[in-house]
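The structure appears below as structure tokens.
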Amino acid sequence: MFYREAGQFRTSYAQDSQILPLRQDRVGMAVLLMAAALVPFVANAYWLSAILIPWLILSLVALGQNILMGYAGQLSLGSAGFMAVGAFACYNFILRVPGIPFIVAVILSGICAALVGIAFGLPSLRIRGLYLAVATLASQFFIVWSLDKFAWFKNYDPAGVITAQKIMILGHDFASPREKYWVVLVIVLVLTLLAKNMARGSVGRGWMAVRDMDVAAEVTGLSLLRTKLQAFAISSFYCGVGGALFAFAYLQTVEPSAFTIELSFRILFMVIIGGLGTIMGSFLGAGFILLMPIFLNVFFHTVFGKSVDASIASALEQIIFGVMIITFLIYEPLGLARLWQLTKERLRLWPFRH
Amino acid sequence: MNISTVLQSSPLQSNVLQSSQRAFPIGAPILELESISLRFGGVKALTDISFNVLEHEVRAIIGPNGAGKSSMLNVINGVYVPQEGTISLRGERLAGMTPTAAANLGISRTFQNIALFKGMSVLANIMAGRALRAHATFLEVALQLPRARREETESREAAEEIIEFLEIEHIRKTPVSRLPYGLQKRVELGRALAAEPKILLLDEPMAGMNIEEKQDMCRFILDVNDHYGTTMVLIEHDMGVVMDISDRVVVLDYGKKIGDGTPDEVRANQDVIDAYLGVAH
Amino acid sequence: MFDISFFIEVLVGGLLSGIMYSLVALGFVLIYKASSVFNFAQGSMVFFAVLTFVGVMEKGLPFWAALPVAVGVMVLVGMATERFVLRPLVSQSEDTLLMATIGLSFVIEGVAQLVWGVDVRNLDLGIRDEPIGWVLDSTGMLISQLDITAGIVASVMVASLALLFSRTKVGRGLRAVADDHTAALSIGIPLKQIWMLVWATAGVVALVAGMLWGARSGVQFALVWVALKALPVLIIGGFTSVPGVIVAGLLVGASEKIVEVYIGPKFGGGVEVWFPYVLAVLFLLVRPEGLFGERIIRRV
Amino acid sequence: MATESSEPDTFSKLLLLHARQRGERPALREKKRGIWRTVTWRELADEAAALAAALSARGVRRGAHVAFVGDNRPRLYAAMCAAHWLGAVAVPLYQDATSGEMAAPMQSADITHIFAENQEQVDKLLLILPRCPTVRCIVYDKDRGLRHYNQPELVSYDTLLQQGRELVAANGDAVEAEAATGRSEDAAFVFFTPGTTGPAKGVVLTHGALIGRARIAAATERLTDADVAMAYLPPGWIGQTLFSYVQPMVVGYCVCCPESSDTMLADMREMGPTYFLATPRVLEALFTQVSMRMEDASRLNGRLYRTGMAASRRIAASTSAGETASLSDRLTRAMSEFLIFGPLRDVLGLSKVRVAFTAGDAIAPALVNFFRTLGVNLKQLYGSTETGFFVAMQRDGQVRPDTVGQAADGVELTFTAQREILVRSPGLFREYHRDPEATAQVTNAEGWFHTGDAGYLDDDGHLRIVDRITHIGALSDGTPYAPRLLENRLKFVSAIKDAVVFGDRRDMVCALIDIDMAAVGRWADRRSIAYTGHADLASQDEVYGLVADSIKAVNAELAQDPALAASQIHRFVILHGELSAEDSVLTRTGKLRRGVIAERFRALVDAMYAGHATARVDSADAHQGTASTELKIRDATVARAHSRSAA
């Protein structure tokens, strides 16, 4: 109903295939970005470092998972492993390459993750479905194990824990939550834009072709090998960068066991609940999975007037996630993003229904 | 059932056949298959089949169900590799064909039971058909560098030309999964065309269509042949339609070739008649 | 120098835990055959089954009463799963089903913790986890009574299941179902009963497996991950082949122990955490269809 | 106007003027291959020049007749420009006419050159080519499917353009000069009126007449070159050509062609025209669509819509009565304007429309009201091909749905004893092509034209149209009776697509009803009434009930008006198939061909008056194609006439 499309006509394909073809959407997005940029001035440190920062980071990781699963249709349970690679790679780059710019280190760590991703993606050429899932589980376990066992990665820290260095960009130390938030925000936004470009371009079409009908994809001349490995590499890159930020902007002190298979599952859930094969879904899903426990707590506070025993809370959380997953898979396999999309279609046809 | 109903030709109008001359006159053999044999384990799918396809012609492969028509097509574009026999394109022998290789050689195809990319719009499906012509790397695409943008526009233009050609402007941005069967078939033809193939393999393009849809599809096939000069190899078991639109027909039965020639010759061929009367409809 | 008797110790230990992998894996196979679903939640079921068992025992029920209760609960869980998860998703892609069962595993674990709490319980089956005297005396090898008992029980289970599959009418019906649901129905195989039976058996298997593991290393959440080892076993054995998973189970069990004991120390141990999976992946590259699975031909 | 002489007086001169004044502004837009392609005035002029050069090389001379067969496309209009450039006469034909229907104009107008859009049209033309010896050249635009055609007459637009560009390059000045030589009294167009009776007649209109009319219309509606219009009706109809060629040529606004008829609504929403022409038929379809889709809308929206409509009607009523509307009504109106009408207009692509005209046929007042209530400035326009279209038009602020407004500037009106409307204006046609008798029949020495419409001016000079003079009759009791008024009321019912009433020299009025498949179909679905097709649905008793109720309502309205009370519908039949131009019961613009209909449905009509409950119609008549079908005849509830008479 807020859409006034009459007169918004396109005279070039560039215009027609732009990310937000409708003026109203562009305005909305502009407002959103503005808000995202200014929120640190209103949000307190807790909100920034306990919710917004992890939300952005996990959204990025979910985006990576989504590229692989949602777009290229390759089931993966190992995203946490690739995060770990990113995190430790970043730590070591900064540790061992004196004066390396933070951003460069982050990108390099992403590339490391990508390489590992390619290695573990190789089986995807022969196998699919849960076979592939197991292969990715292998990566998950193997990576965490090796990071755990080879002390070099952790600079021989006796406790087996690394402490992320300062985030130095152009000589400025981004120490406060607010500054960290901005760093994360910028990186996430840029990578999201790139992902969107790939998704709506020939690259994305290749992924989806492989996902939807690989035989036909081959017949159109697409190389399954290149396409799948590409998806693995890019997906892992996003997870890697996410991992690096996870360590540097969120956890600060990290041990390999922080990147457990449970984390992988959570990321998987973010993608399913948020919406397979949509950029926006990654953000919605991450937000949902992240905020759910908090809502739960608030809920209990208001209902029982006291916070519940942590174990019960976590148990409930698990049940709710599980139920959500099943429900979404049954009723709206395309997740929250799809719901939003439907609402939008309604608004564009308002007052009609269809 | 009597012979006439089986082999009779439908009253389909086709300008190409009426017209005195064609835009792309039929040329030399472009595709030659020599004594092709294909087995799955013990099962013989194709036995010693040889025929050729001339440039710019519409070549039909017909035969009762299970005659090995689809296998034949799958051999041509490298989905199956025959145990014996050779395929040569413009006289060059092709060894170890794969679908991708076939695509690179300008062989494109559609599938018997629609193999569209369900999750994508009509436009995206057709653009995806141009995978071969997308050279920009993922980085160029991600950063929207000039080459990526140029290629995107080019493939959009090509896709739009096809959309116009197939008269599906009104469903351009509809997800293919929402389309009725007949339109999906048309879109699949569009995707195959997007690769700008030299040879187009159509696996039962009219299966399960009503008569109007069939006539539309025939018109499109003939128009493609007339407009782009694409060489067509199509499988069909609705004899009537095939007889109308194809220049020459190969007849298979139980994996063996039992007839080859112009529609009229084939109609007259006793083996063919028997084969068709043999199958109970 | 190479100590052969020690090697045998390790091997036997490995084979014994291997047979238990097979046991868990059998649960997967059962369900996969019946409803062609890869039930990722099987691990959680193992956990849940034994937890229930121990739980009701704590409530004062005697062993022999607790057993049927636990089995009953597992059957209910199975039926519920079939009704509320698998049926609505019938004819969905394998991946979707897998994800659904992952969700299911979360639910089950959540419920388990909600009902029985999170603290580790130990399960006393009256068999002590100490070396068998005469073996020790005669060969000097340390072989735990518990392990042996576990091994024997497991082998019995596995054997009887194998029989159930190959010999009984139900088993044949089951195979028919695995091949083609509608066909199975059309030839009058009672799908409902088959499914119930399958889930029941899967429940029992889970319970037994859980008890054996639990008796050894305490009833705790970690069981879920132990059970996950069944995945590589399945891959190597093939999803539909009972003998396959038995062999694969032994293979995985033995190899992981040997690797752990002989190579592990070089990396500070823990190799067994990932070794089976990597083994499975390598296996996939050479023989995607598994040891005894039949080759898949791609149709177009 | 004093400056008339100084201003350009032919289309080619106008074209050159625009090319100079607003060369870079869009003259035409076309949605092609997914995006809107623009032709600026400069480009249009250049293309026209090139085509003109090539055409004259191919023997197009001053006064030659060039036909145009195709949908609204920039190239069609560019070709029109080219024809005028050379002083040739443009003859736009209905693109969906059969080749048989095309033969007549071809022969009577000695068409020498034809612009055809595509293979479909070319095939039709080639079929009649032997019968049209004068045709020398057929130019086709889209070569799809034509690659192998080798008739000597055929040439592709691109080739022509190419040759033209070379010629222009060679001696551009000569070509340029050609454009200036035209005179305002030269014939510009021949429109073949799809006569509701008799064969089509070629109406010759001069540059001067059309340009003059257009200038007046532009002045009254204050059109500027910022306006945008959609071209989606057949160019063969003068209305479309006026709005997509003549007026843009005068005003310099931009004309937009949709991608295809399937995408018209979507394309219109994208483009958002500001100046809109629609036939009553189009508006009826639009109205039906809106009411159907609103019924499916959410309950809340449905209510807001209805209350909003009601409120606005009350407001309109009270304002016309000179009172101020109640606050609550105005609030409701405001709210539904914001929540419903605004968005609704936008979805329909009408939100930017400044002026919308309906013309071509009489329209039900209620329909006009509907769109005006929605907030669309829809106005009626009265005119015919012979009168240069703009005879009477409603002015802003003085719109009365039951009239067609005051006479346009420069138009004189007078009436015969039979109330036939006579028109005298500079916009009148010159003659019927090659048909002096026909011309003489409809025009007299003082230059009055007999419109054939009956009507009268009301007290404040608004023209009211009653009906075609030939249709007006009287019931057997002598009460005058005008079918179209009744039919329009019926057609406004969303369940009814078309209606034909009978009553002349009869004791009561009866009606043939053609149901709106879409609307009634949905209605049936909602009530889960099973039906196999049009015929089946049409014969369902529930549907008869539905129609009977609507007719009852219409009768009640009629009873209000003493003049019409006697004309209430007494009996009706629902036809088994829709009336369509294909079987020539309608004209291409969708007007009823009463003669044909009366002929075709005689049996049915007689049965109605004979009081039978059913009637057999055999295949030739029933649109079923199958052998004779049985149609039910029903009585309609008639309201008692109110005694308080105004007249």
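The listed protein sequences correspond, in order, to chains R, D, B and P. Quick note on numbering: the first sequence equals residues 1 to 354 in the working numbering. Quick note on numbering: the second sequence equals residues 1001 to 1281 in the working numbering. Quick note on numbering: the third sequence equals residues 2001 to 2300 in the working numbering. Quick note on numbering: the fourth sequence equals residues 3001 to 3647 in the working numbering. Glycine residues also receive a C-beta, built at the ideal position from the N, C-alpha and C atoms.
Chain R contact residues for residue i, given Cβ-Cβ distances below 9 Å
i	result
Met1127 of chain D	Ser202 and Arg205
Gly3034 of chain P	Arg10, Tyr13 and Asp16
Met1120 of chain D	Arg205, Met208, Ala209 and Asp212
Same chain, Cβ closer than 7 Å to residue i, five either side skipped, listed in chain order
i	result
Asp1271 of chain D	Ile1258 and Gly1259
Tyr2021 of chain B	Lys2229, Ala2230, Val2233, Gly2249, Val2252 and Gly2253
Leu3126 of chain P	Gln3151
Helix, strand or coil at residue i according to DSSP, with G and I counted as helix
i	result
Cys3132 of chain P	coil
Glu1092 of chain D	strand
Gly3455 of chain P	strand
Gln2193 of chain B	helix
Ile1030 of chain D	strand
Val2208 of chain B	helix
Arg3616 of chain P	strand
Phe1117 of chain D	coil
Asn297 of chain R	helix
Ser1050 of chain D	strand
Gln3240 of chain P	helix
Ile59 of chain R	Contrary to the premise, residue 59 of chain R reads as Ser rather than Ile in this sequence. DSSP places Ser59 of chain R in helix when its eight states are reduced to three.
Ala3364 of chain P	coil
Thr3626 of chain P	Interpretation of Thr3626 of chain P is limited by its pLDDT of 48, a score under 50 that renders its predicted location unreliable; no figure is taken from the coordinates.
Phe2221 of chain B	coil
Asp3262 of chain P	helix
Integer-rounded CB distance, given that residue j should sit under 8 Å from residue i
i	j	result
Tyr3094 of chain P	Gly3236 of chain P	4 Å
Pro3273 of chain P	Met3230 of chain P	5 Å
Ile326 of chain R	Val2281 of chain B	At roughly 29 Å, the Cβ-Cβ gap does not stay under 8 Å, so Ile326 of chain R and Val2281 of chain B are not in contact.
Tyr1276 of chain D	Pro1064 of chain D	7 Å
Contacting residues, own chain, Cβ-Cβ under 8 Å from residue i (five flanking each side not counted)
i	result
Ile1026 of chain D	Leu1054, Glu1055, His1056, Glu1057 and Asp1247
Val3282 of chain P	Leu3233
Ile2004 of chain B	none
Beta-carbon neighbours of residue i, restricted to chain D and to distances below 7 Å
i	result
Ser223 of chain R	Thr1100
Sequence-distant residues of the same chain with beta carbon closer than 6 Å to residue i, five excluded per side
i	result
Gly281 of chain R	Gly274, Gly275, Gly335 and Ala337
Asn3171 of chain P	none
Phe3276 of chain P	Val3353 and Ala3356
Gly1190 of chain D	Ile1126, Ile1162 and Leu1166
Within chain D, the residues that residue i reaches when beta carbons sit closer than 9 Å
i	result
Ile234 of chain R	Phe1138 and Ala1142
Chain D residues whose Cβ lies nearer than 8 Å to that of residue i
i	result
Thr192 of chain R	Here the premise fails: no neighbours, minimum Cβ distance about 11 Å.
Within chain P, partners of residue i - CB distance below 8 Å
i	result
Asp1247 of chain D	What Asp1247 of chain D touches in chain P: nothing, since even the nearest Cβ is about 14 Å away.
Leu349 of chain R	Val3347
At what residue ranges does the region 3004–3053 of chain P contain a whole run of the alpha helix (DSSP H), taking only runs of 4 or more? 3011–3021
Any chance you could list the beta strand (DSSP E) runs of at least 3 consecutive residues sitting entirely within the region 1194–1264 of chain D, in chain order? 1199–1203, 1231–1235, 1248–1253 and 1256–1261
Beta strand (DSSP E) segments (min. 3 residues) lying fully within the region 3092–3149 of chain P: 3111–3116 and 3137–3140
Whole beta strand (DSSP E) elements within the region 2142–2180 of chain B, 3-residue minimum: none
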